[in-house]
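Here is the structure we will look at.
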Amino acid sequence: MTNKERYKQAFSTLHSSRQFALEVEEMEQIRRKHRKNIAAAAAVACAVVIGTGGTAYAADIGGIQQKISMWLSGSQREVDVTENGENGYGGYTFTYSEDGEIKEISGGGVSVDEEGNETWMSADEVAACLSSSAGIDVDEDGRVWIYYYDQKIDITDSFDENGACSLTLSHEDQTVHLEIKKDEDGRYSFAQKPILMENDNSAQTETPAESTTSTVTTYYGITDGK
Amino acid sequence: MRQSLQELAALYQNSLFAAAFSICKNTQDAEDVIQDTFVQYYTTKKEFEDEQHIRAWLIRVAVNKAKNITRTFWRRNKVSIEDYMETLTFETPEAGNLFGTVMQLPEKYRIVIHLYYYEEYSVNEIAGILKLSESNVKTRLLRGRAMLKEVLKEEWDDDK
Chain V
1 MTNKERYKQA FSTLHSSRQF ALEVEEMEQI RRKHRKNIAA AAAVACAVVI
51 GTGGTAYAAD IGGIQQKISM WLSGSQREVD VTENGENGYG GYTFTYSEDG
101 EIKEISGGGV SVDEEGNETW MSADEVAACL SSSAGIDVDE DGRVWIYYYD
151 QKIDITDSFD ENGACSLTLS HEDQTVHLEI KKDEDGRYSF AQKPILMEND
201 NSAQTETPAE STTSTVTTYY GITDGK
Chain L
1 MRQSLQELAA LYQNSLFAAA FSICKNTQDA EDVIQDTFVQ YYTTKKEFED
51 EQHIRAWLIR VAVNKAKNIT RTFWRRNKVS IEDYMETLTF ETPEAGNLFG
101 TVMQLPEKYR IVIHLYYYEE YSVNEIAGIL KLSESNVKTR LLRGRAMLKE
151 VLKEEWDDDK
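Residue numbers (this note's numbering), protein chains in the order written: chain V, 1 to 226; chain L, 1 to 160.
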């Protein structure tokens with residue numbers, strides 16, 4: 001018996017008894033679920049904002065490697081990028097100055113290509129993800145603001161009796177729907193859903209992109225470091 | 001060319017399962033890999049040259065997905081390979097020994113050994129599937145064989 005024959009004999013005992021989903025409807029269902037999971041994973045990468053109290057400086061936390069332009073709190077800002085690990089592993093820390101205070105935002109993630117290879121997202125990709133995510137903040141007067149790219153909208157008086165409000169925002173060819181909720185502790189969170197615009201040359205119809213729903217939770221006070 | 005998923009499942013399901021299992025060492029993970037691989041095939045717009053092209057692509061996707069699973073932080077609690085082997089029926093005690101010894105090899109040797117001995121791919125083809133250099137594949141094959149020989153002794157021949 002050759003080694004190949006021995007090997008095949010040994011591994012011929014392996015069989016799967018699972019009934020795999022192979023029909024078109026089942027595939028579509030699984031595909032939608034996968035895309036949701038990927039979108040959710042990307043959203044996780046976009047959720048952390050930390051006020052540093054004005055003492056830390058990017059050069060002290062590993063060295064500034066590059067500058068990137070990002071949309072943060074309604075303004076386009078130049079941020080310093082520090083790679084937390086090699087080739088995107090561990091994500092990136094973006095450091096910027098706001099009202100004389102040094103602030104940091106961190107994020108990272110993986111993208112999966114057609115052949116199932118996972119690649120750590122580049123700083124540009126993470127920055128684009130962070131820029132495309134809306135933000136929520138409460139100012140010193142207690143007004144609640146939503147940020148989306150260059151837009152800053154006061155939604156303080158838009159909440160219903162259940163503490164919920166929703167709005168649709170557009171930037172260039174992107175349109176998103178936001179569902180904002182206020183919890184019992186006075187904290188705010190929102191879910192962001194992309195809206196697909198189907199242009200038939202005469203009219204535009206909105207199709208909620210169910211498969212690419214992402215949820216971002218931002219809590220009141222975090223962006224102020226309070 | 002494209003083949004239906006039903007055809008592919010009939011032809012390659014066991015082969016993909018064995019490849020995925022040889023990396024994940026876990027039935028449920030290996031089955032998830034197969035399902036994901038079929039979804040990837042359904043989703044891709046790629047045109048394939050022939051059946052062998054499809055087969056190689058499916059194995060590459062399954063191998064990549066299986067590797068991704070082994071790196072996942074929240075990987076499911078797995079049954080030890082020893083416990084799992086007790087549920088399997090081997091034709092001979094030697095077959096069981098070989099299976100167990102292969103499963104103890106480091107992953108990078110295990111998958112090369114599997115593609116060579118089970119799928120009967122050449123060094124050149126394995127290099128293409130795993131996106132490695134031929135010399136790298138040869139080295140892994142050589143070291144994997146040496147490890148098998150060291151444990152299995154006369155139950156494993158010296159390959160050229």
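From the three backbone atoms N, C-alpha and C, an ideal C-beta is built for every residue, glycine too.
- A distance of 9 angstroms or more separates the beta carbons of H114 (chain L) and V123 (chain L).
- Contact note: R31 (chain V) reaches chain L through V39, Y42 and T43, using a C-beta cutoff of 9 angstroms and chain order.
- Q13 (chain L) belongs to the set of residues whose beta carbon lies under 9 angstroms from a beta carbon in chain V.
- Per DSSP, Q3 (chain L) is not a residue of any alpha helix (DSSP H), being assigned neither H nor E.
- Among the residues facing chain V, T70 (chain L) is not included, as its CB has no counterpart in that chain under 9 angstroms away.
- Leaving aside the five residues that flank N84 (chain V) on each side, the residues in its chain whose CB is nearer than 8 angstroms to its CB run, in chain order, G62, G90, G91, Y92, T93, S106 and G108.
- Residue V:R187 holds the alpha-carbon nearest to the alpha-carbon of A164 (chain V) among V:D150, V:R187, V:D173 and V:Q151.
- Residue-level contact check: S22 (chain L) touches chain V, since one or more beta carbons of chain V fall below 9 angstroms from its beta carbon.
- Taking 9 angstroms as the cut-off, the beta carbon of E125 (chain L) is found no closer than this to the beta carbon of A18 (chain L).
- With contacts defined as CB atoms closer than 9 angstroms, T13 (chain V) and L130 (chain L) fail to qualify as a contacting pair.
- Chain-ordered, the chain L residues with CB closer than 8 angstroms to the CB of T13 (chain V) read L88, T89, F90, E91, A95 and F99.
- Residue state for I180 (chain V) is assigned as strand, using DSSP reduced to three classes.
- As the crow flies, the alpha-carbon of E26 (chain V) is around 29 angstroms from that of E179 (chain V).
- Contact check for E119 (chain L) against I59 (chain L) passes: the beta carbons are separated by less than 9 angstroms.
- Assigned with DSSP and collapsed to three states, Q19 (chain V) falls in coil, not helix or strand.
- For I155 (chain V), the secondary structure class from DSSP, reduced to helix, strand or coil, is coil.
- Going by DSSP, M70 (chain V) is part of the beta strand (DSSP E) stretching over Q66 to L72.
- Of the candidates V:H15, V:V24 and V:I136, the residue whose Cα lies closest to the Cα of A191 (chain V) is V:I136.
- Around the beta carbon of M147 (chain L), 16 or more other beta carbons sit within 10 angstroms, so the residue counts as buried.
- Proximity of the segment 80-100 of chain L to the segment 128-143 of chain V falls short of the contact definition, fewer than three beta-carbon pairs being nearer than 8 angstroms.
- With 16 or more other Cβ atoms from the protein chains shown falling within 10 Å of its own Cβ, Q13 (chain L) counts as buried.
- With fewer than 16 other CB atoms across the displayed protein chains lying within 10 angstroms of its CB, N162 (chain V) is exposed.
- The CB of N117 (chain V) comes closer than 7 angstroms to the CB of N64 in chain L, given here in chain order.
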